[in-house]
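Asker:
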Amino acid sequence: MASKTTQNGTSLRSGPTSLMVDIVKADFPLLDQTIHGHKLVYLDNAASSQKPRVVINALLDYYRKTNANIHRGLHTLAERATDSYERTRDHVARFVGGVDREEIIFTSGTTESINLVAATWGEENIHEGDEIVITEMEHHANLVPWVILAQKKKAVLKHIPITICGHLDLSQIDDIITPKTKLLALTHMSNVLGTINPVEELAAKAHQHGAVVLADVAQSMPHMPVDIPSLGVDFCAFSAHKMLGPTGVGILYGKRELLDKMPPYNMGGEMIREVRFDHITWAELPFKFEGGTPNVADVVAFDAALTYLEALGMQNVRDHEERLTGYAFERLSELKDLEIQGPRETGQRGGAISFTDPNIHPHDISTFLDSRGIAIRAGHHCAQPLMRVLGKVATARASLYIYNDEADVDQLVEALIEMRRYFGV
Amino acid sequence: MASKTTQNGTSLRSGPTSLMVDIVKADFPLLDQTIHGHKLVYLDNAASSQKPRVVINALLDYYRKTNANIHRGLHTLAERATDSYERTRDHVARFVGGVDREEIIFTSGTTESINLVAATWGEENIHEGDEIVITEMEHHANLVPWVILAQKKKAVLKHIPITICGHLDLSQIDDIITPKTKLLALTHMSNVLGTINPVEELAAKAHQHGAVVLADVAQSMPHMPVDIPSLGVDFCAFSAHKMLGPTGVGILYGKRELLDKMPPYNMGGEMIREVRFDHITWAELPFKFEGGTPNVADVVAFDAALTYLEALGMQNVRDHEERLTGYAFERLSELKDLEIQGPRETGQRGGAISFTDPNIHPHDISTFLDSRGIAIRAGHHCAQPLMRVLGKVATARASLYIYNDEADVDQLVEALIEMRRYFGV
Amino acid sequence: MNESLDEMYRDIILDHYRSPRGKKPLEKTDIASEGHNPSCGDEIDVELQVDDDTVKDVHVNCHGCAISVASGSMLAEIVKGKTLAEAFRIAELVKKILKGEETEIPEDLGDLDALKGVRQFPVRIKCALLSWVTLMEGLKDYKSGQRGGKSSISTDDDKD
Amino acid sequence: MNESLDEMYRDIILDHYRSPRGKKPLEKTDIASEGHNPSCGDEIDVELQVDDDTVKDVHVNCHGCAISVASGSMLAEIVKGKTLAEAFRIAELVKKILKGEETEIPEDLGDLDALKGVRQFPVRIKCALLSWVTLMEGLKDYKSGQRGGKSSISTDDDKD
Ligand SMILES: Cc1ncc(COP(=O)(O)O)c(C=O)c1O
Ligand SMILES: Cc1ncc(COP(=O)(O)O)c(C=O)c1O
Chain W
1 MASKTTQNGT SLRSGPTSLM VDIVKADFPL LDQTIHGHKL VYLDNAASSQ
51 KPRVVINALL DYYRKTNANI HRGLHTLAER ATDSYERTRD HVARFVGGVD
101 REEIIFTSGT TESINLVAAT WGEENIHEGD EIVITEMEHH ANLVPWVILA
151 QKKKAVLKHI PITICGHLDL SQIDDIITPK TKLLALTHMS NVLGTINPVE
201 ELAAKAHQHG AVVLADVAQS MPHMPVDIPS LGVDFCAFSA HKMLGPTGVG
251 ILYGKRELLD KMPPYNMGGE MIREVRFDHI TWAELPFKFE GGTPNVADVV
301 AFDAALTYLE ALGMQNVRDH EERLTGYAFE RLSELKDLEI QGPRETGQRG
351 GAISFTDPNI HPHDISTFLD SRGIAIRAGH HCAQPLMRVL GKVATARASL
401 YIYNDEADVD QLVEALIEMR RYFGV
Chain D
1 MASKTTQNGT SLRSGPTSLM VDIVKADFPL LDQTIHGHKL VYLDNAASSQ
51 KPRVVINALL DYYRKTNANI HRGLHTLAER ATDSYERTRD HVARFVGGVD
101 REEIIFTSGT TESINLVAAT WGEENIHEGD EIVITEMEHH ANLVPWVILA
151 QKKKAVLKHI PITICGHLDL SQIDDIITPK TKLLALTHMS NVLGTINPVE
201 ELAAKAHQHG AVVLADVAQS MPHMPVDIPS LGVDFCAFSA HKMLGPTGVG
251 ILYGKRELLD KMPPYNMGGE MIREVRFDHI TWAELPFKFE GGTPNVADVV
301 AFDAALTYLE ALGMQNVRDH EERLTGYAFE RLSELKDLEI QGPRETGQRG
351 GAISFTDPNI HPHDISTFLD SRGIAIRAGH HCAQPLMRVL GKVATARASL
401 YIYNDEADVD QLVEALIEMR RYFGV
Chain C
1 MNESLDEMYR DIILDHYRSP RGKKPLEKTD IASEGHNPSC GDEIDVELQV
51 DDDTVKDVHV NCHGCAISVA SGSMLAEIVK GKTLAEAFRI AELVKKILKG
101 EETEIPEDLG DLDALKGVRQ FPVRIKCALL SWVTLMEGLK DYKSGQRGGK
151 SSISTDDDKD
Chain S
1 MNESLDEMYR DIILDHYRSP RGKKPLEKTD IASEGHNPSC GDEIDVELQV
51 DDDTVKDVHV NCHGCAISVA SGSMLAEIVK GKTLAEAFRI AELVKKILKG
101 EETEIPEDLG DLDALKGVRQ FPVRIKCALL SWVTLMEGLK DYKSGQRGGK
151 SSISTDDDKD
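Below, the structure written as C-alpha cells:
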C-alpha cells in the first residue's frame, strides 16, 4: 500500500509529499464510500472536485441561520447574508493575487463568465475583419462563444496550433497575433493535455498590438498559485465547483476600465440605479453585472473552500500534484503501448492525464474502471477540435487533486492491467 | 397568543387554517432563532423563502454521497448525479401542470430565464416598429430586458396601466394589445401589490394577434396552484429560492416549437452536438440552453422542495395565505391612516402586503420592526415605475408564506403600534 | 457490482467485439448509411447488398466502443438473409429492447439478448443503438426512393 | 439589541427628525445642489446663502427616512455661520465618521456624535451621508465657478 508512504515519505517510489493526504482525504465525506464493492478512487477532478466538510457545513449553516435575499435589506438576516456574500468577494479578490473587489463578478460558472464577455465586450468591440485568436486546445466554453461571435461579426477566428508534445506551437506566433488581433482568448491550463500555457508572454504580445486578453483559468486556479496581476490579462474566468466550492458559482475577473464601459448581461433587480420606461441607468460595479437574486448560499460557502485551499497553500497543492503526476507517469509506463497525451515534463503541466489504449475504447476503459471503484472521465472532454488534432475520437482522463495519493494511482494502474486481461485484446 | 388558535381553529379572528402551521414551522430550522432578543418573525418571503430541513438535507446528502459532473459521465457518481438532476426536471414538468421535460430549462433564476428569452427569441423576432406590451406593475426582471430590447430594435414598449385599486386597467386593452403586438410579457402576481393578473384572458387576446406571451410566475408559482398549460402562455419564468428551494436555480418553461427555433444563450460544454472551428451544431432540447456545468446540487435539492410543497398541497398553501392575508388586513386596519397598496379582495391577490405610514419612512419601519425580531422589506422592491405610479418613493412590505400564522401578524401589528409611539410622530 | 459489468460485457458481446462480423467489403452496395455520435465519437458505416428485396450481404465498419462494435457485428450477422421489411422490424425490436419497452426476443434472434445488459448503463444505450438506427435510416431512404446518396444519422439526440 | 436601535435613533436624531431645522426658504440662493438615492428614493435639496465666503443661511428640504432627515437638519444647524472652507471640512469629517475612519469630534460639533450610531447599520450609512455629499457637490461646483445651475449627486454608488 503506497498510501502509507505518503505520510512518512520513505517509499522510494513516491517520495515525500507536501500534503498530508490521509488527513486531507478525511475532510471529504464523499470519498469514504465503496463503489461496486471497491473503495472509491475519485480521479475525475478536472470535471468537478469533491467538497470538504467545511464547505458543506458552511452551506448548512447558511440555510439554518442566515438565509435571506441580499442587498438593500434592512433586517438582520439580510444584513448578515449580504455581509457574508460580499466577504467572499473580498476573499476572491485576495485569493487571485490582489485585485479590486469591484473587479470580481459572480456568475453561474466559467461558461457564463466567458459568454458574458462575448455578449457585452465582444458585441461592442469586435467588428468585421477583426481577428480573434484562440488556441487549438480550448475547452468549448472558450471556443463556441468566439466561433459564434466571429460568424456574427464577420470577424476572423485564428488559432494557435499545438506541437506534437502538446505545447502551444509559437513558431508562427507573429503571423497569428498581429495588429489586427482584437482579442486573445486562451486557456491557462488544458483540461485534456494538462499543458500550462505561457499566458504572461502571450498576453504581453497581444497587448503590444492593443488587443484584449482573456484567460480561461478554470483548470489552473484550483491547482496552482495563480496571480492575476502578474498574468497581466484583462479578463479571467473560473468555476467554484472545480476548486472545492459548490456548483452554480463562477467568477469573472475584469479590469475595471473595461467593465466600466461594458453594457450589462443579465438585466433585472439590483443591477440598475434608476429605471423609467424610457430610460435606465446602471448600478456601479460589480452590481451592474449581477442582475437578479444571486446564488447567495453557494457564494457564501465558496469562502470556506478558499480558506481551505489557503490553509493547504496553493504552492503545496501544486507541488503535490506535480509529484503525483510524475509518479503516475512512471507507473502508467508499465502498460505497454498506453498512449499518454500532453507534455511529459511535470513542471510544465497539471495533473489531468489523458490516455488511450490501442485496443480498448475510452468508454470501455471508463466503464471497466468504474467496476473497480475508480471514477475517471472518457470522451472528448468538451474539446472536439483538439481531439481532431490528436487524431482521437475520445480519450480516457484521470485527473488528480489534493486528496489523491500514490495508492490511488496504484489502484488505477492495477485495474488497467486487469482490464486488458478482461477484454482479452 | 393567536398561534394556538391556528391549530384548533376556534379563534373568531383567525378562523380555521388549512395548514398545520406549527408543524410546518418546525420543519424550518432557521425560524427557530431570536433576533435582538425576540423570536424571529420572517415576513420577507416575496424576496426569498426559507428552506425546510428536507431541502437542506438533500443538499448535504448530494455533496456527501453523489457529487459529480453530470451527463456523458461513465462512472457511477456521474450516473447518479445525472439521474438526480434529470429527475428534478421531470418533477418540475409535472409540478407546473404537465409539460414536456424538454420544455423545462434550468437557469440561475427568473432574471436569467427572462434575459435568455429576450436575448434569443427577442433578438430574432422583435423588429423596428413592433410592439412589446408589459404592465405597469412589472418587476425590473421583466421590464429592463424589454426596455433595452425595444431601444435596440426601435420597437415600441407599451404598458397596461393599473387602476387605483391595484388591478390591471383593461378598459383600453384593445388599444394596447393590437396586431402590432409581438410580445406580451406580464407578471402573474405582483411582488408589490399582490395582484393576481388574468393571464389566461390576456394571453388569449395576445395570441389572437399572433403575439408570443411570457408570464413571470416568480411570485405565483410558490404560492398557488399554477397550471402552465391552462395559463396558455408560451414562456414562463420562476425561481427556486422563492419556493423553498436553494438559491441559484431558476426555471424557464418554453413551448417546444419556440425553443427549437431559438439560438442558444450560454454557449460551451454540453450544449453542442459537434464543434469545428468553422461550424457548430447544437444539442437537442433542453441541453441546447444549458451550456456549462449546471448548478447540479441545487437543482437536485430543489426536487425535495417540490415534494414538500406537493405534500402540503398547493391549494392548501393558497387557502392558508388567503385567510392569513384577510386576517392581516383586519388587524392592520387598527392602525389609523396606515395605507395598504393593492387589491383588498383576498381572492384576487397573494400575500405580499405593501404599506406605508403617513409619518414614518419605510426604512425606519423596517429598522424598527427588525429590532422587534420582525423581518420585512422596505424600498422600491425592484419596481420603480410602479412606485412612481403609486406616488411613493418606497413602501414597507410584509409577505406571507406557509410557516406564518396569526401570531406573526399579531406581533407585526403590535410592533407597528409600538413604533408609532417610539418615533412619536 | 462486477456482475453488472459482466451483464454488459457478456461473453457474446466480447466475442463480437474481438472478431466483428461483416468486415468484408461488398461486391455491390445498394444501401449505404452512416451513423455518427459526436458526443462520444462513435462512427459507423452500414452497407447492404440487396437482391429481390432481400439482404444478400452486409458490411459494417464501426469505430467505437465494445458495445457499438458488438452491436454492429450482431447486426451484420442477423440481418443477412432477411427481407428488408424483416430487417426493419428487427431494428425496431432492438430499439424497444434497449429502451426497456420489450423484453421478449424470438429464438432465432437469441444473440440480441446479450444487449439487454446495456440497459443498466444509460449512457451506453446510444452506443448499442447506433448501428440499428443507421440501418433503419438507410432502409427508409431506400424505400422512399432516395437512392444513391448516403443516409446519415445519430443517436446522440435521443430523439428516436 | 434594542440598544443598537436606540444607538441609531438617539434622542438627538429623533429630535432633528421631528422638527427639522432649515425649513425656511432663503432670501437669496447662492449655492444649490440636490441629492438623490434612487435605490431608496431619498431626495434632498441643499441651498446656501453666501456672504463674503461665509454661509449666512441654509435651507434643507429632505424627503427620506429619519436618518437622512436628521442628518440634513444637523447640517443646516452646523453649517450656518461657517466659512465655505470650514463647511467643506466638516462635511469631509462627517464622511470619515460614518465610514469609521474618524472618531474624534470637535466639541462645537457635538450633535454629530449622534450619527456614529448609524455605522452599525451599513445600509443606512448612505442615508446619513446624502445631505453632506450634496453640500460638498454644491461647494465644489461653486468654487470651480459653475454657478447658476444645480449640482446633482447620489450616495447610492458608494464611490465616495
Ligand atoms: C415578480 C418577480 N419577478 C422576478 C423576480 C426576480 O427573481 P430573481 O431575483 O430570483 O431572478 C422577482 C423576485 O425578486 C419577482 O418578485
Ligand atoms: C479549461 C476549462 N474551461 C472551461 C470549463 C467550463 O467550466 P464550467 O462548466 O464550470 O462552466 C472547463 C470545465 O469543464 C474547463 O476545464
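Protein chains in written order, with the working numbering: chain W, 1 to 425; chain D, 1 to 425; chain C, 1 to 160; chain S, 1 to 160. In this text, a Cβ means the ideal position worked out from N, Cα and C, and glycines have one as well.
Under 8 Å, Cβ to Cβ, is there at least one residue of chain S near Val-171(D)?
Answerer: Correcting the residue type first, residue 171(D) is Ser in the shown sequence and not Val. Chain S contact via Cβ: absent.
Asker: What residues in the region 33-58 of chain S bring their beta carbon closer than 7 Å to a beta carbon of chain W?
Answerer: The region 33-58 of chain S vs chain W, Cβ under 7 Å: Pro-38, Ser-39.
Asker: Within the same chain, show all residues whose beta-carbon is closer than 6 Å to that of Arg-372(W), passing over the 5 residues directly before and after it, in chain order.
Answerer: His-38, Ala-415
Asker: Whose C-alpha, out of Glu-136(D), Leu-149(D), Leu-170(D), is nearest the C-alpha of Thr-187(D)?
Answerer: Glu-136(D)
Asker: Of the residues that make up the region 268-284 of chain D, which ones have a beta carbon closer than 7 Å to any beta carbon in chain W?
Answerer: Gly-268, Gly-269, Ile-272, Glu-274, Val-275, Arg-276, Phe-277, Ile-280
Asker: Are the C-beta of Gly-373(W) and some C-beta of chain C separated by less than 8 Å?
Answerer: no
Asker: Run down chain C in chain order and give the residues with a C-beta less than 9 Å from the C-beta of Glu-79(D).
Answerer: Phe-121, Pro-122, Val-123
Asker: Let me know if Asp-357(W) comes out buried or exposed under the rule of 16 or more other beta-carbons within 10 Å of its beta-carbon.
Answerer: With 16 or more other Cβ atoms from the protein chains shown falling within 10 Å of its own Cβ, Asp-357(W) counts as buried.
Asker: Determine the burial state of Asn-67(W): buried for a count of at least 16 other Cβ atoms within 10 Å of its Cβ, exposed for fewer.
Answerer: buried
Asker: Fully enclosed by the region 89-137 of chain W, which alpha helix (DSSP H) runs are 4 residues long or longer?
Answerer: 110-117
Asker: Taking any Cβ of chain W, which residues in the region 78-95 of chain C have a Cβ under 8 Å from it, in chain order?
Answerer: none
Asker: Please report the residue range of the alpha helix (DSSP H) in which Asn-404(D) lies.
Answerer: Element bounds for Asn-404(D): n/a, residue is neither H nor E.
Asker: Could one say the Cβ of Leu-259(D) lies closer than 8 Å to chain C's Cβ atoms, at least one of them?
Answerer: no
Asker: Ile-196(D) bridges to which residues according to DSSP?
Answerer: Met-189(D)
Asker: Closest Cβ-Cβ distance between Arg-87(W) and chain S: below 8 Å?
Answerer: Output row for Arg-87(W): interface = no.
Asker: So does Asn-57(D) have its beta carbon nearer than 7 Å to some heavy atom of ligand 4?
Answerer: This structure lacks ligand 4; the ligands present are ligand 1 and ligand 2.
Asker: Between which two residues does the alpha helix (DSSP H) harbouring Ala-297(W) extend?
Answerer: 296-312
Asker: Determine whether the Cβ of Val-41(W) lies closer than 8 Å to any Cβ atom of chain S.
Answerer: no
Asker: Which runs of the alpha helix (DSSP H), 4 residues or longer, sit entirely within the region 119-155 of chain S?
Answerer: 125-143
Asker: To the nearest angstrom, report how far apart Ile-402(D) and Leu-19(D) are at their CA atoms.
Answerer: 7 Å
Asker: Confirm the yes/no value for this check: CB of His-139(W), any heavy atom of ligand 2, distance under 7 Å.
Answerer: Yes, the Cβ of His-139(W) comes within 7 Å of a heavy atom of ligand 2.
Asker: Kindly list, in the order they appear in chain W, the residues whose Cβ is closer than 7 Å to that of Asp-156(S).
Answerer: Arg-273
Asker: Looking only at its own chain, which residues have a Cβ that is under 6 Å from the Cβ of Gly-194(D), when we skip the five neighbours before and after it?
Answerer: Gly-342, Arg-349, Gly-350, Ala-352
Asker: Taking Cβ positions, are Leu-244(D) and Leu-309(D) nearer each other than 8 Å?
Answerer: Note that the C-beta distance between Leu-244(D) and Leu-309(D) is below 8 Å.
Asker: Jot down the residue ranges of each uninterrupted beta strand (DSSP E) in the region 11-76 of chain D, minimum 3 residues, whole runs only, in chain order.
Answerer: With a minimum length of 3 residues, no continuous beta strand (DSSP E) run stays inside the region 11-76 of chain D.
Asker: Along chain C, in chain order, which residues have C-beta atoms closer than 8 Å to that of Ala-394(W)?
Answerer: Cys-40, Gly-41
Asker: Would you call the region 94-112 of chain W and the region 198-208 of chain W in contact, with 3 or more CB pairs under 8 Å?
Answerer: no
Asker: Where DSSP assigns a beta bridge to Cys-236(W), which residues make up the other side?
Answerer: DSSP lists Ala-215(W), Tyr-253(W) as the bridge partner or partners of Cys-236(W).
Asker: Can you check DSSP and say which residues form a bridge with Gly-379(D)?
Answerer: As computed with DSSP, Gly-379(D) is found in a beta bridge with Thr-395(D).
Asker: For a contact defined as C-beta to C-beta under 8 Å, what are the partners of His-63(S) on chain D?
Answerer: Val-393
Asker: Give the straight-line distance between the Cα atoms of Gly-15(D) and Ala-119(W), rounded to the nearest whole angstrom.
Answerer: Confidence in Gly-15(D) is poor, its pLDDT being 43 and thus under 50, which makes the residue's placement too unreliable to answer from.
Asker: Between Thr-187(D) and ligand 1, is the CB less than 7 Å from at least one heavy atom?
Answerer: yes
Asker: Bridge partners for Thr-181(W) per DSSP, in chain order?
Answerer: Glu-131(W)
Asker: Give the DSSP-derived three-state secondary structure of Glu-330(D) in the structure shown.
Answerer: Three-state result, Glu-330(D): helix.
Asker: When you measure from the CB of Thr-110(W) to every non-hydrogen atom of ligand 2, does any distance come out below 7 Å?
Answerer: yes
Asker: Let's see if you can read the secondary structure: which residues bound the alpha helix (DSSP H) around Glu-27(C)?
Answerer: Element bounds for Glu-27(C): n/a, residue is neither H nor E.
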